[in-house]
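Numbering (the working numbering), first residue to last: 12 to 286.
The C-beta atom is built at its ideal place from N, Cα and C for all residues, glycine as well.
Here is the structure we will look at, set down as structure tokens.
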């Protein structure tokens, strides 16, 4: 007896060019591995709403910054909600998929994040720094980011941006999760070469730090990446919680780690599909 395989629409922009990364290579290889368990087709994000009705679930992967096609993406989400389509990741995350307002809220709540405000009257809550970062709440890939001295900040703050001190961090590190399970970590030992990543062996405190943000988020399934920086005093601070389409850098991990990640992602998909 032949068991019917579930079908996946895998959303990716194979032509998107990102600094220091080749999104297309990762998606070609990962979708190929998923094909071992599922019937799968790749499509551009602008085609997803039109095509998704023929598939059991939609997997959003390296689809590029949503701000490049915001209106089409909003229409896609409306259709997902109206039809009850299974979406991976689901559109209920509180991290970057909802914009960067969460950084302001987490900072005010005392979470270990880079101090963040979004109102001119709150600029006094930021620590003294040589320079500050002003970034769009709906930004991605450093699009629209600006550096400014403190005396310029009041004229730059408005409802659509947030402000943070520019921290002279020791390095950046990313923690990768499937559902709520940690998979691996990578870091950039040289801050000026942020995409030259190496394997990072996290300690217990590092894992507790990352897990805290995964637990704070509302996703019960999907892929998340917790990006952090190591401050000069040794503390880890959250940079962002990427819960929409995080790049995974799977080509940089050992074969066994990559196999474990793929197996865990397959199991997650089988679970939500009830297979």
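- In this structure residue 136 is exposed. Its beta-carbon is surrounded by fewer than 16 other beta-carbon atoms within 10 angstroms.
- Judged by DSSP secondary structure, residue 88 falls within the alpha helix (DSSP H) whose first and last residues are 81 to 94.
- In this structure, DSSP gives residue 188 an extended state, which the three-state scheme calls strand.
- Here residue 22 is near residue 70, since their CB atoms are less than 9 Å apart.
- Under the Cβ criterion (8 Å, minimum of three pairs), the stretch 240 to 247 counts as touching the stretch 179 to 190.
- Collapsing the DSSP output to three states places residue 205 in coil.
- Taken through DSSP and simplified to helix, strand or coil, residue 133 comes out as helix.
- Residue 75 and residue 27 do touch by the CB rule: their CB atoms are close to 4 Å apart, below 8 Å.
- If you draw a straight line from the Cα of residue 205 to the Cα of residue 32, it is about 11 Å long.
- Judged by DSSP secondary structure, residue 145 falls within the beta strand (DSSP E) whose first and last residues are 143 to 147.
- In the three-state scheme derived from DSSP, where H, G and I count as helix and E and B as strand, residue 74 is classed as coil.
- Here residue 102 is actually not in contact with residue 143; their C-beta atoms are around 32 Å apart, not less than 8 Å.
- Taking C-alpha positions only, residue 274 is separated from residue 229 by approximately 23 Å.
- Excluding five sequence positions before and after residue 192, the CB atoms of its chain that fall closer than 8 Å to its own CB belong to 275, given in chain order.
- Listed in chain order, the non-local C-beta contacts of residue 213 below 6 Å within the same chain comprise 196, local neighbours out to five positions each way being set aside.
- In the DSSP annotation of this structure, residue 160 is not part of any beta strand (DSSP E), being labelled neither H nor E.
- Here residue 233 is buried, its C-beta having at least 16 other C-beta atoms within 10 Å.
- The three-state reading of DSSP puts residue 178 in coil, since its state is none of H, G, I, E or B.
- Closest in alpha carbon position to residue 25, among 15, 188 and 37, is 37.
- Take the alpha-carbon of residue 170 and the one of residue 50: they are about 44 Å apart.
- When beta bridges are read from the DSSP output, residue 234 appears opposite 189.
- Here residue 284 has 17, 67, 68 and 97 as same chain residues with Cβ atoms under 8 Å from its own Cβ, once five neighbours each way along the sequence are excluded.
- The beta carbons of residue 129 and residue 173 sit about 5 Å from each other, so the pair counts as a contact at 8 Å.
- Residue 247 and residue 215 have their C-alpha atoms spaced approximately 13 Å apart.
- Sequence-distant Cβ neighbours of residue 187 in its own chain, meaning closer than 6 Å and more than five residues away, are 194, 195 and 236.
- Linking residue 256 to residue 88 through their CA atoms gives a straight-line distance of about 14 Å.
- For residue 125, the secondary structure class from DSSP, reduced to helix, strand or coil, is coil.
- For residue 216, the enclosing alpha helix (DSSP H) starts and ends at 215 to 227.
- Counting only runs of 3+ residues, the beta strand (DSSP E) found wholly inside the stretch 233 to 272 occupies 234 to 241 and 247 to 253, in chain order.
- Looking only at 281, 15, 272 and 55, the smallest Cα-Cα distance to residue 41 is reached by 272.
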